[in-house]
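With the first letter of the sequence shown counted as 1, position 104 gets the number 439 in our numbering; the numbers rise by one all the way through. Beta carbons: idealized from backbone N, C-alpha and C, even for Gly.
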Amino acid sequence: MPQNRISIFDTTLRDGEQSPGCSMDLREKVRMAEKLEELGVDIIEAGFPIASEGDFAAVRAIALQCREVRVAALCRTAEQDVSRAAEALSRAVHPRIHTFCATSDIHLEHKLKKTRAEVIEMTRMAVSRAYSYAEDVEFSAEDATRSDIDYLCEVLDVAVDAGASILNVPDTVGYTTPPEMACLVQQVRERVVRDRDVLVSVHCHNDLGLAVANTLAAIEAGARQVECTINGIGERAGNASLEEIVMALHVRADRLPFTTGIDTTQLYPASQLLSSIVGFDVQPNKAIVGRNAFAHEAGIHQHGVINNPLCYEIMTPESVGVPANSLVLGKHSGRHALSLRYMELGYDVSASELDAAYRKFTDLADKKKRIYDQDLISLLSTAACAAA
Ligand code: KIV
Ligand code: ZN
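So this is what it looks like as structure tokens:
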């Protein structure tokens with residue numbers, strides 16, 4: 336891969352699914368995974384197989400369905416964790432085993448109840464076991480940003496010697512700041528990676544609202560994989576938002592000369608699909624995919640945008656896949672407008688599916704003032720089920 340290419344590791348179906356109210360069933364996870372593959376992510380973290388039968392089945396099903404993209408499964412360091420992840424991935428074309436262990440003293444003392452020496456041994460065992468199943472092994476040092484740097488580097492060094500080719504330094508509790516994150520990545524590169532063929536990755540949580548800023552700082556310092564989620568869903572305040580990272584790189588290519596494999600026109604459709612699956616929308620003012628992200632209310636702004644959108648828009652709605660037409664769909668809208676909107680959202684709807692969706696649409700329009708794109712996507716899946 337070229338030096339400036341950033342791998343997008345999507346963890347919507349693992350870390351994202353861990354957030355309250357975001358659980359998905361098998362069918363929904365596979366549907367979302369197909370969309371992520373279409374979006375162009377490099378790695379889909381499909382689940383945590385030892386955690387439940389459902390997670391195991393989802394990883395297996397996604398590995399069977401998504402043949403182009405790399406599919407990752409998460410595991411702790413215990414022997415049965417690693418083998419369960421390997422088993423779930425056994426049919427994947429491009430499997431990755433992602434094993435992790437905490438490295439901060441606070442986690443060692445209060446959660447793992449292990450000494451530093453024991454964690455080093457656990458890391459060595461887990462990574463070499465993972466490497467016996469798959470060539471592609473990622474090691475994450477949980478709570479890396481609150482770990483003692485000398486010890487962190489020691490653990491990461493052991494992971495590389497045991498076979499890990501991706502070293503992830505998560506900001507598990509969303510505590511760090513951009514300059515600190517940059518410094519951490521730089522130290523890991525200088526002290527652990529050196530001239531070895533190992534990728535540095537970051538995984539930032541958003542507890543202080545800094546997840547995307549920290550991720551971008553890490554990229555500038557040499558991280559070449561970033562872990563993120565659609566709509567920024569994830570534990571607590573969430574993970575770094577995929578769409579925000581990708582569009583920051585895209586719009587500010589002058590300052591951030593990095594590329595990704597993402598088809599940016601699929602960002603809004605992916606966001607809408609996720610909202611329809613989990614059943615709640617992103618906040619209206621959410622960057623890139625919120626419903627107000629391209630809305631201009633003040634007269635002076637409207638005037639400027641009408642003359643030239645560049646006055647107040649740094650990217651076009653079309654570039655992120657927001658449908659260009661501004662037809663408001665409501666109880667008086669017809670089949671034609673509905674069919675057009677489905678086309679713009681990337682859905683190829685048959686005549687019978689459209690009929691069924693339209694009936695549901697008019698029922699919904701009687702009850703709801705505004706119908707959003709995510710409602711239309713939900714209608715389509717329920718209508719398709721009813722039609723089938
Ligand atoms: O936040 C975190 O540290 C994680 C790891 C398992 C990568 O989710
Ligand atoms: Zn996380």
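Checklist entry - Would you say SER283 and TYR468 are within 9 Å of each other, going by their C-beta atoms? => result Past the boundaries of the shown model lies residue 283; the chain is included only from 336 to 723, so the question cannot be answered.
Next on the checklist: The beta strand (DSSP E) that contains PRO505, what's its start and end?
Outcome noted: For PRO505, the uninterrupted beta strand (DSSP E) segment begins and ends at 501-506.
Next on the checklist: Less than 8 Å separating the Cβ of THR434 from some heavy atom of the ligand ZN?
Outcome noted: Because no heavy atom of the ligand ZN lies under 8 Å away, the Cβ of THR434 does not count as near it: no.
Next on the checklist: For the ligand KIV, is there any heavy atom lying closer than 8 Å to the beta carbon of ALA507?
Outcome noted: The displayed chain sequence assigns Thr, not Ala, to residue 507. Yes, the Cβ of THR507 comes within 8 Å of a heavy atom of the ligand KIV.
Checklist entry - Whose C-beta lies closer than 6 Å to the C-beta of ALA605 among residues of the same chain, with five residues either side of it excluded? => result Excluding residues within five positions, the ones whose Cβ falls inside 6 Å are LYS370, LEU374, ILE565.
Next on the checklist: Just verifying my parser: in three-state terms, what is the DSSP assignment at VAL454?
Outcome noted: It is helical.
Next on the checklist: According to DSSP, simplified to helix, strand and coil, what is PHE474?
Outcome noted: Note: PHE474 maps to strand in three-state DSSP.
Item to check | Cβ neighbours of ARG464 in the same chain (closer than 7 Å, five flanking residues each side left out) | outcome: Excluding positions up to five away in sequence, the list reads GLU414, VAL417.
Next on the checklist: So if DSSP puts GLN560 in a beta bridge, which residue, or which two residues, is it bridged to?
Outcome noted: Under DSSP, the beta-bridge partners assigned to GLN560 are SER342, SER536.
Checklist entry - How big is the Cα-Cα spacing for GLU363 and ILE612? => result C-alpha separation (whole angstroms): 7 Å.
Checklist entry - Applying the criterion that 16 or more other CB atoms from any shown protein chain within 10 Å of the CB defines a buried residue, is PHE615 buried or exposed? => result So PHE615 counts as exposed.
Next on the checklist: If contact is defined by three or more beta carbon pairs under 8 Å, each pair taking one atom from either stretch, is the stretch 497-504 in contact with the stretch 473-481?
Outcome noted: Because the criterion of three Cβ pairs below 8 Å is met, the stretch 473-481 and the stretch 497-504 touch.
Checklist entry - Apart from the five residues just before and just after ILE397, which ones in its own chain have a Cβ nearer than 7 Å to its Cβ? => result Its chain contains LYS364, VAL365, ALA368, ILE379, ALA381, VAL406 as the residues whose beta carbon lies nearer than 7 Å to that of ILE397, once the 5 sequence neighbours on both sides are disregarded; these appear in chain order.
Item to check | Limits of the unbroken alpha helix (DSSP H) element including VAL417 | outcome: For VAL417, the uninterrupted alpha helix (DSSP H) run begins and ends at 414-423, by DSSP.
Checklist entry - DSSP three-state call for VAL406: helix, strand or coil? => result In this structure, VAL406 counts as strand in the three-state DSSP scheme.
Checklist entry - Where do the ends of the alpha helix (DSSP H) carrying HIS445 lie? => result Careful: HIS445 lies outside any alpha helix (DSSP H) and carries neither H nor E.
Checklist entry - Is GLY665 buried or exposed, if buried means 16 or more other CB atoms sit within 10 Å of its CB? => result GLY665 should be labelled exposed.
Next on the checklist: DSSP three-state label for ALA721, please.
Outcome noted: At ALA721 the pLDDT is 44, less than 50, meaning the model places this residue with poor confidence and gives no usable figure here.
Next on the checklist: Suppose only complete runs of 4+ residues qualify. What are the alpha helix (DSSP H) ranges in the stretch 585-667, listed by chain order?
Outcome noted: Runs of the alpha helix (DSSP H) inside the stretch 585-667: 602-613, 634-642.
Next on the checklist: Please classify CYS436 as buried or exposed, where buried requires at least 16 neighbouring CB atoms within 10 angstroms.
Outcome noted: It is buried - the Cβ of CYS436 has at least 16 other Cβ atoms within 10 Å.
Next on the checklist: With the cut-off set at 9 Å, would you say MET582 and ALA553 are in Cβ contact?
Outcome noted: Taking 9 Å as the Cβ cut-off, MET582 and ALA553 do not qualify as a contacting pair.
Item to check | Distance, VAL523 Cα to PRO513 Cα | outcome: Taking the straight line joining both Cα atoms gives about 16 Å.
Next on the checklist: Just verifying my parser: in three-state terms, what is the DSSP assignment at ASP708?
Outcome noted: If DSSP states are grouped into helix, strand and coil, ASP708 belongs with the helices.
Checklist entry - So, PHE313 versus HIS538, is the Cβ gap smaller than 9 Å? => result In the structure displayed, the chain extends from 336 to 723; residue 313 sits before or after that span and is not available.
Checklist entry - What's the gap between the Cα of ALA497 and the Cα of MET678? => result Counting only the Cα atoms, MET678 lies some 49 Å from ALA497.
Checklist entry - Between SER576 and ASN549, what straight-line distance do the alpha-carbon atoms span, to the nearest angstrom? => result So the two alpha carbons sit approximately 12 Å from each other.
Item to check | Helix, strand or coil at GLY389 [DSSP, three-state] | outcome: Three-state DSSP puts GLY389 in a helix.
Checklist entry - From ALA499, ASP710, SER654, pick the residue whose C-alpha is nearest to that of LEU608; which is it? => result Of the candidates ALA499, ASP710, SER654, ASP710 places its Cα closest to the Cα of LEU608.
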